[in-house]
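Residue numbers (this note's numbering), protein chains in the order written: chain A, 1 to 209; chain B, 1001 to 1209.
Beta carbons are placed, not taken as given, at the ideal position from N, Cα and C, and that holds for glycine.
Bear in mind the structure is a predicted one, so any value in this text is a computation, not a measurement.
Heads up: the structure comes next, in C-alpha cells.
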DNA sequence: ACCTGAACACCGTTCAAGT
DNA sequence: ACCTGAACACCGTTCAAGT
C-alpha cells in the first residue's frame, strides 16, 4: 500500500483516528508515526511539538461542527451551535478531556465560534454582554459533556456497590444511598435539551432580550 | 532530616503538593518518589497503580471542602457546597483537569456530596429529581471552573493578536474581532455568583419548590 | 510487611546525517 | 524541504531480592 505524503492535515486526521480507536493515552508521537508508517521523527517536520499535535487534533474534530444558516433566528442559531458542540463531542468521546480545555483555534473551527457570537449580537447583546452569554453557554456545554462523556458518575454506580466504592463507606450517608442509583443512569438527551432551554431563558431574561 | 514513614496519606499529600508546585505533568511515580526521598518502587507498596495515585490526590483536595452546618436552609447549603467546590479548585488550579473528571470517592470527600444531596432532599425534591438537580449543578460548577482555571479563552486573548492565533484568520470574522477582547478578561467571582443564582432559580422553578 | 535495584517496554525531543 | 536512526533523559511497572 502506497502511503499518502505526510502533511499537517494527514497527521491530525490520523491522530484523531488514533484517539477514537485507542483512547487519549494512545496519542503519542511514536504510535502516531507507526500508524502513519513513518519514522517517529518525521512528524516533527510538520508539527513542532506534541502540544501542537493535540491542538491540531482538537481542531480536526471541531471543524466538523456544522454552521447554522446565516438567517437562522438568533436563539435557534445559538441552540444549534451548542447542540453541534455536543454532537461532535459524542462523535469523539475519548477526546472530551482535551476538547473542553481550549476553544477552537483553527481558521475553520473559528467559524463556529463566530457564528455563535453573531447569533448573540443579532439577538441584541452588546460585545461585553455577548462575551458573558458565551461564557455561560460554554460553561453549561463543557460541564454537561464532561459529565456524560467522561463517565463522571461511574464510580458511584450500583448504589456504591461497584469496585471503586465499598458499601461500608456509605453507611452513615442515607442520601447518597437513595440517590446514587439515579445519578449514573439518566436520559441525557432530554436533560441536555431542557437544561439548554432553561439556560437560554435565563440569559434572555437577565439581559432583557 | 528524618523522613516520616511512608503511608497512603503521606503519598497523596506529597502528590498534591507536587501538582501544586510543578503542574500536572510532574505527577509521576518517579518524581513523587524523589520528593518523598524513597525509591520509585516503594510507592507501589501503598498505591497499586498510577491511576489510584491520581484518585487519591483528587480526594486529598476535595477532602478540604468545608460542610455547611446541618441546619443551613436547603438552598443556602446548596450554594455553599458549590462555592466550596470552586474554592478548592482555586486552591489547586493545576488539579482542575483531574478534579472535573470524577466525583469524590474517598470516605471523607463523600460527606460533601452527601450534604449537597441532603440539601436537595430537604428542599423537597424526590431522589430522582435530586439526581437531576445535582447533575445540573455539577455541569455548571465543572464547566465554569474548567473555563476559568483552565485558561480556556487564553488562546483568544489580545483580540487574536497572541502567538496562538494570527490576526489574518480573524479577517472575515467581525464578531470575533469585537468580542474576543471581552472573552478572556472578566469578573469571574461576580459571574459565578450570578450564574449560580440563575441556575438555582431555574431548578426551583422547574421542580416547583 | 515494607523497601529496593535492575530490567523492560515505552515516552518526547535533540542532533547529525541522509535524500 | 523532507525524512531518518541513534541517542538522551525520561515514563509505569514486573520481578527477584533484600530487611
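| request: Output yes or no for whether 8 Å exceeds the beta carbon distance between residue 79 of chain A and residue 203 of chain A. | output: No, the pair does not count as a contact, with Cβ atoms beyond the cut-off.
| request: Output the boundary residues of the alpha helix (DSSP H) element that contains residue 20 of chain A. | output: Following the DSSP letters along the chain, one finds residue 20 of chain A inside the alpha helix (DSSP H) bounded by residues 8-22.
| task | Alpha carbon to alpha carbon, how far is residue 1139 of chain B from residue 146 of chain A? Give it in angstroms, no decimals. | result | Using only the alpha carbons, I get a separation of about 8 Å.
| query | Run through DSSP, which three-state label would residue 1154 of chain B get? | reply | Residue 1154 of chain B falls in the helix class under three-state DSSP.
| In three-state terms, what does DSSP make of residue 128 of chain A? | DSSP places residue 128 of chain A within a helical segment (H, G or I) once states are collapsed to three.
| query | Is residue 142 of chain A close to chain B, meaning its C-beta is less than 8 Å from at least one C-beta of that chain? | reply | Residue 142 of chain A counts as touching chain B.
| query | Going by other Cβ atoms of all chains shown within 10 Å of its Cβ, with 16 needed for buried, is residue 66 of chain A buried or exposed? | reply | Here residue 66 of chain A is exposed, its C-beta having fewer than 16 other C-beta atoms within 10 Å.
| Using a Cβ-Cβ cut-off of 7 Å (strictly less than) and excluding sequence neighbours within five positions of residue 142 of chain A, which residues of its own chain qualify? | The beta carbon of residue 142 of chain A lies closer than 7 Å to those of 100 in the same chain, with the five residues before and after it left out.
| said: I'd like to know whether the C-beta atoms of residue 123 of chain A and residue 209 of chain A end up nearer to each other than 8 Å. | reply: In this structure, residue 123 of chain A sits near residue 209 of chain A, with a CB-CB distance shorter than 8 Å.
| said: With a threshold of 8 Å between beta carbons, is residue 82 of chain A in contact with chain B? | reply: It does not: the Cβ of residue 82 of chain A has no partner Cβ on chain B nearer than 8 Å.
| said: Would residue 70 of chain A pass as an interface residue toward chain B - the criterion being a Cβ-Cβ separation below 8 Å? | reply: Output row for residue 70 of chain A: interface = no.
| said: Residues of chain A with CB closer than 7 Å to the CB of residue 1173 of chain B, please, in chain order. | reply: Simply 110 and 114.
| task | Can you grab the Cα-Cα spacing for the pair residue 1181 of chain B / residue 4 of chain A, in whole Å? | result | Inter-residue distance for residue 1181 of chain B and residue 4 of chain A is about 41 Å (C-alpha atoms, whole angstroms).
| field | At least three beta-carbon pairs within less than 8 Å, the stretch 1186-1201 of chain B to the stretch 181-191 of chain A | value | No: fewer than three Cβ pairs fall under 8 Å.
| field | Uninterrupted alpha helix (DSSP H) stretches inside the stretch 1169-1194 of chain B (no shorter than 4 residues) | value | Correct list: 1174-1183.
| task | Starting from the Cα of residue 1136 of chain B, find the closest Cα among A:207, A:153 and A:121 and give me that residue. | result | Per the Cα distances, A:153.
| query | Is the stretch 73-87 of chain A in contact with the stretch 30-40 of chain A, if contact means three or more CB pairs nearer than 8 Å? | reply | Pairwise C-beta distances place the stretch 73-87 of chain A out of contact with the stretch 30-40 of chain A, as fewer than three of them are shorter than 8 Å.
| query | Can you tell me the Cα-Cα spacing of residue 1121 of chain B and residue 1057 of chain B, whole angstroms? | reply | Put simply, the backbone Cα of residue 1121 of chain B is about 30 Å away from that of residue 1057 of chain B.
| request: Helix, strand or coil for residue 67 of chain A, going by three-state DSSP, please let me know. | output: Judged by DSSP in its simplified three-state form, residue 67 of chain A adopts coil rather than helix or strand.
| request: Closer than 7 Å by beta-carbon distance: list the chain A residues that pair up with residue 1100 of chain B, in chain order. | output: Ordered by position in chain A, the residues that pass the 7 Å Cβ test against residue 1100 of chain B are 146.
| field | Minimum length 4: unbroken alpha helix (DSSP H) runs contained in the stretch 53-114 of chain A | value | Those alpha helix (DSSP H) runs which fall completely within the stretch 53-114 of chain A and span 4+ residues are 74-91 and 96-99.
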